[in-house]
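K.L.:
First to last, the protein sequences are chains A and B. Quick note, the working numbering runs 11 ahead of the 1-based positions in the first sequence. Quick note, the working numbering runs 151 ahead of the 1-based positions in the second sequence. Quick reminder that beta carbons are idealized off the backbone N, C-alpha and C, glycines included. Here it is: the structure, laid out below.
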Amino acid sequence: MLDLLQSLADGLLFGAIYSLIGLGFTLVFGVMHKINMAYAAASLAGAYAGLTLIKLAGLPAWAVIPAACAAGALFGVIIYGVCFKLIPLSHPLATLMSTVGMLLLIDEIVVHATDGMPVNYPTFVHGMVGYGDFMLRGDLMFVFFVALVVMAGLIYLLFNTRLGLATRAVSQHPVAARLCGISLDHVNAVTFTLSGGLGGIAGALIGSAVGMLSPLLVAPLTVKGLIVTVIGGLGSIPGAIVAGLLVGAAENLFQFFRGVTERDIYVMLLLFVFLVFRPGGMFGTDPARS
Amino acid sequence: MSHARVCAFSAAIALAAWTMPGSAIAQERQVKITGFGALSGVVRSFGVNSKAALEAAADQINKSGGVTLGDGAKGKIVIDYHDDRCNAEEGISVLRRVASSESLVAVAPTCSNVAEPMFGIMQKKFGDAGDTGLQFPVFTDVAIKIGLAKISEWAFRNVPNETEMYGTLFRWIKETKPDLKTLYGGVEEDFAHSRASWYAVMKEVAGKEGLQVLGESKWLLNDTNFSNQAREAKKASPDIMAIAAHPFTTCGMLKEMARQGVRPKLLIGLTSSSSMETLQGCAGEAETIIIPTSFAPINADAQAAAAAVSKYNGSLDLHSGAAWENVFILKRVIEAEKVMAKPDTLQADREKIRAGLAKLAETDGLLGKTKRTPDREAVKPYLFVHAKSGKWEVLHTPSL
């Protein structure tokens, strides 16, 4: 029983990583109704760049978070410029394909820069907390805390600032928003900068939690980020947080009961269950079925 | 000089050059060796190092006169390297392309999951007219999963024999640390080499050496969360923990074991993890891990080869060391079999190389003599290294 509880708790905490990635996907979708497939790759690239920056500047380990945030924001703007601004948004598949291309490009640049070798990443929070044999990882609790703070910050930004008002207006009715004098280009660029910065932080925290960075992380984080976004509800910020925790916990439980080789089958089944019975996700609105 | 005289004079010079052995024109004959492996993707470092080793070895041979061909002419080795992205379809496609080129032999591939299906499309038995499989010699440097060369008589490998290495390692452990009785494994379930190394090699030979195998924890190549697996290992409480995984997940598991306070008395790693990747990823957690390997720069030849390869932006390790050795072995075979390296003798030359490789009973390696087995595999000299203060240090040299 203790093993089961421990597995559940470990999964929940690890799910905080998925939540952070899911937040970035959902933020862009919420505003532009487009999926940025390159998000996880850019987040990890931000984490790599942050680490390189602090090594070059001789800064302390904690500085990797703001450095990764800045690098991630820059990558966000670049992705917006290359994959969205220059691509006809009216075509439903154009931005999807351009961001898939960007994902592969970023991934291969990182592979070539590092020769695919894992890079040791600084850990900010050490140790475990718990009682007896039941232990919780301090670094994952920190990630969980950061995810909650980011969620609160985003909700505040969206519902209590002029920028948030403009963002929601663009999200709900871009044409009306433009008629009100809101620059779509500006709002979209700010959204990508924000999500990119958030991605940089997520990448740094993932590197810290895993203990290293490797291009191997890109594929699973992209897949899990998308699953979290769909299960949480496309565009829903609280949904991304809750779905991230749910997917993390479910993944660990499936592994506990059925083994690692069957684990991902059940995670995908969970996704299909949502797509069939609740296509809008936990916190989204159900899209009309034709 | 009239036009007719110029033509006659030129023709005479050309004829003289053509018929004179060792002439400038003959010296330009090329011995094409094609390498391929992963130059992109997460195992790119393997391809980068193999390419550098092939080019450095070819350069050394060419600078010392090249290869003596069947008619006494000198040939220069030309290395061409392709990317198969560690993908079976890509590997097969590259092999087909290479086989239709002027290349005499390939040194490839990086990944066992490429080697296995790739050898499958090659002619199984040499000379079988009913088998239309590719008739092209491949001399593998990296793909290490046991027993692959038996798939085709055109396949040869110069990779370490893991059964031999781990057998000796467990015997050595039994002799030097008799208090260690139990073994637990950690295995990357979705990677061919890791799986084969645990289930068919480590687990088998450890049992034969009298160690009690308590079981194994499993994970996948892309996994990042090892909490369940580390807890399983903690419950098993083994004396020895053997991790059959590549550096990324080896490091992930070692870090999680450190967090959960799983401290076996001895750690053993996968042959391929005795590389800089492991030390870059988790030098602290990997401290004292013991890995059998077929390369370490412990003598003048190995050190010189490592220096030569580093000039080509590569690093010499057990895999790229084999690529280096393969070029020298091929030089010996080409000279012994009187390969001509002419366009009209291409298939005959390939068959000569295949025959020459099949005849070899022993080859020279960087650490000493390598025995060749009838099933076209190698039994290479090996040693045990362990991670110490962020470096690989030689711990024991059983076969040197």
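Check whether the stretch 321-328 of chain B touches the stretch 279-299 of chain B, taking contact to mean three or more Cβ pairs, one atom from each stretch, closer than 8 angstroms.
P.N.:
Output reads no: the stretch 279-299 of chain B does not touch the stretch 321-328 of chain B.
K.L.:
Can you give the Cα-Cα distance for residue 211(A) and residue 246(B), rounded to whole angstroms?
P.N.:
Their backbone Cα atoms lie some 41 angstroms apart in a straight line.
K.L.:
With DSSP as the reference, identify every bridge partner of residue 538(B), one or two as the case may be.
P.N.:
DSSP lists 543(B) as partners of residue 538(B).
K.L.:
To the nearest angstrom, report how far apart residue 505(B) and residue 353(B) are at their CA atoms.
P.N.:
Going by the C-alpha atoms only, they are around 32 angstroms apart.
K.L.:
Determine the direct distance from the alpha carbon of residue 227(A) to that of residue 372(B), and round the result to whole angstroms.
P.N.:
Cα-Cα distance, rounded: 8 angstroms.
K.L.:
Is residue 29(A) buried or exposed, if buried means 16 or more other CB atoms sit within 10 Å of its CB?
P.N.:
When all chains shown are included, residue 29(A) counts as buried.
K.L.:
May I have the straight-line CA-CA distance separating residue 177(B) from residue 490(B), to the nearest angstrom?
P.N.:
Because the pLDDT of residue 177(B) is 47, which lies under 50, any placement of that residue in the model is unreliable, and the number read from its coordinates should be weighed accordingly. Their backbone Cα atoms lie some 14 angstroms apart in a straight line.
K.L.:
Alpha carbon to alpha carbon, what distance is there between residue 181(B) and residue 381(B)?
P.N.:
Those two C-alpha atoms are separated by around 54 angstroms.
K.L.:
Have a look at residue 291(A) and residue 46(A) and give me their C-alpha separation to the nearest angstrom.
P.N.:
The straight-line gap from Cα to Cα measures roughly 15 angstroms.
K.L.:
Out of 503(B), 498(B), 452(B) and 538(B), point me to the one whose CA is closest to residue 251(B)'s CA.
P.N.:
Ranking 503(B), 498(B), 452(B) and 538(B) by Cα distance to residue 251(B) puts 498(B) first.
K.L.:
From 18(A), 107(A) and 192(A), pick the residue whose C-alpha is nearest to that of residue 144(A); which is it?
P.N.:
Closest option to residue 144(A), Cα to Cα, is 18(A).
K.L.:
From the DSSP output, read off the bridge partner residues of residue 131(A).
P.N.:
According to DSSP, residue 131(A) bridges with 223(A).
K.L.:
Cα-Cα, which of 442(B), 345(B) and 479(B) is closest to residue 562(B)?
P.N.:
Only positions 152 to 551 of chain B appear in this structure, which leaves residue 562(B) out of reach.
K.L.:
By how many angstroms is the C-alpha of residue 215(B) removed from the C-alpha of residue 174(B)?
P.N.:
Annotation note: pLDDT 46 at residue 174(B) (below 50); position unreliable, no value reported.
K.L.:
Mind checking if residue 199(B) is an interface residue toward chain A, Cβ cutoff 8 angstroms exclusive?
P.N.:
Chain A, which has a Cβ nearer than 8 angstroms to the Cβ of residue 199(B), makes this yes.
K.L.:
Since residue 293(A) is in the alpha helix (DSSP H), which residue starts that stretch and which ends it?
P.N.:
Counting along the chain, residue 293(A) falls outside any alpha helix (DSSP H), and DSSP gives it neither H nor E.
K.L.:
Once you ignore the five residues that flank residue 538(B) on each side, which residues in its own chain have a CB closer than 6 angstroms to its CB?
P.N.:
The residues are 437, 438 and 440.
K.L.:
For residue 459(B), which residues does DSSP report across the bridge?
P.N.:
In the DSSP output, where bridge partners are listed per residue, residue 459(B) has none listed.
K.L.:
Less than 8 angstroms between the C-beta atoms of residue 523(B) and residue 512(B), yes or no?
P.N.:
Yes, the pair counts as a contact, with Cβ atoms nearer than the cut-off.
K.L.:
Given this structure, state the Cα-to-Cα distance separating residue 475(B) from residue 368(B), to the nearest angstrom.
P.N.:
Each residue's Cα considered, the two are about 36 angstroms apart.
K.L.:
Contact between the stretch 243-258 of chain A and the stretch 68-80 of chain A is defined here as three or more beta-carbon pairs at a separation below 8 angstroms; is this criterion met?
P.N.:
Touching, no, given that fewer than three Cβ pairs across the two stretches are closer than 8 angstroms.
K.L.:
Residues in the stretch 401-417 of chain B with C-beta within 8 angstroms of chain A's C-beta atoms, listed in sequence order?
P.N.:
So the close ones are 402, 403, 406, 410 and 411.
K.L.:
Which two residues bound the contiguous beta strand (DSSP E) that contains residue 338(B)?
P.N.:
Unbroken beta strand (DSSP E) run through residue 338(B): 333-339.
K.L.:
State buried or exposed for residue 101(A), treating a residue as buried only when at least 16 other CB atoms are found within 10 Å of its CB.
P.N.:
Label assigned to residue 101(A): exposed.
K.L.:
Does the distance from the CB of residue 127(A) to the CB of residue 195(B) come in under 8 angstroms?
P.N.:
Contact flag set, yes.
K.L.:
Residues of chain B with CB under 8 angstroms from residue 130(A), in chain order?
P.N.:
Under the 8 angstroms cutoff, chain B gives 431 and 432.
K.L.:
Classify residue 1(A) as helix, strand or coil using the three-state DSSP reduction.
P.N.:
The shown model of chain A, from 12 to 301, leaves out residue 1(A), and the question about it has no answer.
K.L.:
Given a cut-off of 8 angstroms on the beta-carbon distance, is the pair residue 242(A) and residue 166(A) in contact?
P.N.:
No, the pair does not count as a contact, with Cβ atoms beyond the cut-off.
K.L.:
Between residue 349(B) and residue 343(B), what straight-line distance do the alpha-carbon atoms span, to the nearest angstrom?
P.N.:
Rounded to whole angstroms, residue 349(B) to residue 343(B) spans 10 angstroms at the Cα level.
K.L.:
Report the three-state DSSP secondary structure of residue 225(B) (helix, strand or coil).
P.N.:
The answer is strand: DSSP assigns residue 225(B) an E or B state.
K.L.:
Decide yes or no for the touch test of the stretch 460-467 of chain B against the stretch 198-209 of chain B: beta carbon pairs closer than 8 angstroms, at least 3 of them.
P.N.:
The stretch 460-467 of chain B, when compared against the stretch 198-209 of chain B, does touch it at the 8 angstroms Cβ threshold.
K.L.:
Is it a yes or a no for the stretch 304-319 of chain B touching the stretch 268-276 of chain B, going by three-plus beta-carbon pairs under 8 angstroms?
P.N.:
Segments in contact, yes.
K.L.:
Are the C-beta atoms of residue 389(B) and some chain A residue less than 8 angstroms apart?
P.N.:
Output row for residue 389(B): interface = no.
K.L.:
Please list the partners that residue 127(A) has in chain B, where partner means a Cβ-to-Cβ separation under 7 angstroms.
P.N.:
Simply 192, 193, 194, 195 and 196.
K.L.:
Which value, in whole angstroms, describes the spacing of the CA atoms of residue 220(A) and residue 57(A)?
P.N.:
Between residue 220(A) and residue 57(A), the C-alpha separation is close to 16 angstroms.
K.L.:
Which whole-angstrom value is the C-beta distance of residue 88(A) and residue 207(A), which I expect to be below 8 angstroms?
P.N.:
At roughly 7 angstroms, the Cβ-Cβ gap stays under 8 angstroms, so residue 88(A) and residue 207(A) are in contact.
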